[in-house]
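Undergrad: The working numbering applies: residue -13 is where the sequence shown begins, and numbers increase by one.
Positions of the beta carbon are idealized from the N, C-alpha and C atoms, including for glycine.
Since this is a predicted model, take the numbers as computed values, not measurements.
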Amino acid sequence: MIQATRTPSSPLAKTIVLVGLMGTGKSSIGRRLAKRFGMEFADADDEVAKAAGCSIEDIFELYGEEAFRDGERKVIMRLLDEKPRVMATGGGAFMDPRIRARIAERGISVWLRADLDVLVRRTRRRGGRPLLKNADPRATLAALIDERYPVYAEADIVIDTGDEPVEITTGRVDQALGAFLKAAQAAAESTP
Ligand code: S3P
């Protein structure tokens, strides 16, 4: 059963999994949430890079996207099987039905949703994203929105993000999680 109260000394019983497209702030919000909840934070991309011994860009270039997706799935499955924590996932991870199924069992998924203009602006700030290393990253992001948003919509919680400070979005996720847990607990208590 989900534990409703959370303080630094009583962390959540499930892993909080942040999903969404590149540039939505999954890592920075995840880090802040983990601090608020007194939980550990893991960035799945960093863990994949650590396991491979090279950057995400190099994995794509040397071994291809399929190899990256295999590594990504293994790392996320392992992280989900460990103790509950806050985890930021790479934008493609939630598209894998096996990963989604394990997240549904072991986690609470939070989709950070942003519109195309926001994503274009934000992804310009940091490189290192192989899918956007092309002549028209805006068109790539638009295509990814079409393909992925219907699947991201399966997340337990959806939070819209724009240009507000990261602390504000973090607070909104915190609040939404509180409401989600309360509703889950009420549902569990009303089940005979
Ligand atoms: C990807 C997103 C990236 C990284 C890889 C592929 C994707 O992570 O996993 O470049 O398919 O959307 P971020 O969403 O953290 O940038």
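Just to confirm the assignment, what range does the alpha helix (DSSP H) spanning Arg22 have?
TA: Here the question's residue 22 lines up with position 36 in the sequence shown. Where Arg22 is concerned, the enclosing alpha helix (DSSP H) stretches over 12 to 23.
Undergrad: Alpha carbon to alpha carbon, how far is Glu52 from Gly78?
TA: Taking the sequence shown and counting its residues from 1, the one referred to as residue 52 is at position 66. Taking the sequence shown and counting its residues from 1, the one referred to as residue 78 is at position 92. Taking the straight line from one Cα to the other gives about 11 angstroms.
Undergrad: With which residues is Phe27 paired in a DSSP beta bridge?
TA: Locating residue 27 in the sequence shown gives position 41, where the first residue counts as 1. Looking at the DSSP assignment, Phe27 forms a beta bridge with Val72.
Undergrad: Taking the alpha helix (DSSP H) that Leu48 falls in, what are its first and last residues?
TA: As a first step, residue 48 must be located in the sequence shown, where it is residue number 62. That run of the alpha helix (DSSP H) goes 42 to 49.
Undergrad: Check whether the Cβ atoms of Val3 and Gly93 lie closer than 8 angstroms to each other.
TA: Numbered from 1 along the sequence shown, position 17 holds the residue referred to as residue 3. Numbered from 1 along the sequence shown, position 107 holds the residue referred to as residue 93. Their beta carbons are under 8 angstroms apart, which means Val3 touches Gly93 by this criterion.
Undergrad: Which whole-angstrom value is the C-beta distance of Met73 and Thr1, which I expect to be below 8 angstroms?
TA: Position 87 of the sequence shown, counted from the start, is the residue given in the question as residue 73. Position 15 of the sequence shown, counted from the start, is the residue given in the question as residue 1. Yes, they are in contact, since the Cβ atoms of Met73 and Thr1 sit about 6 angstroms apart, within 8 angstroms.
Undergrad: Going by DSSP in three states, Leu261 sits in which element: helix, strand or coil?
TA: Absent from the model: residue 261. The displayed extent of the chain is -13 to 178, so no value can be given.
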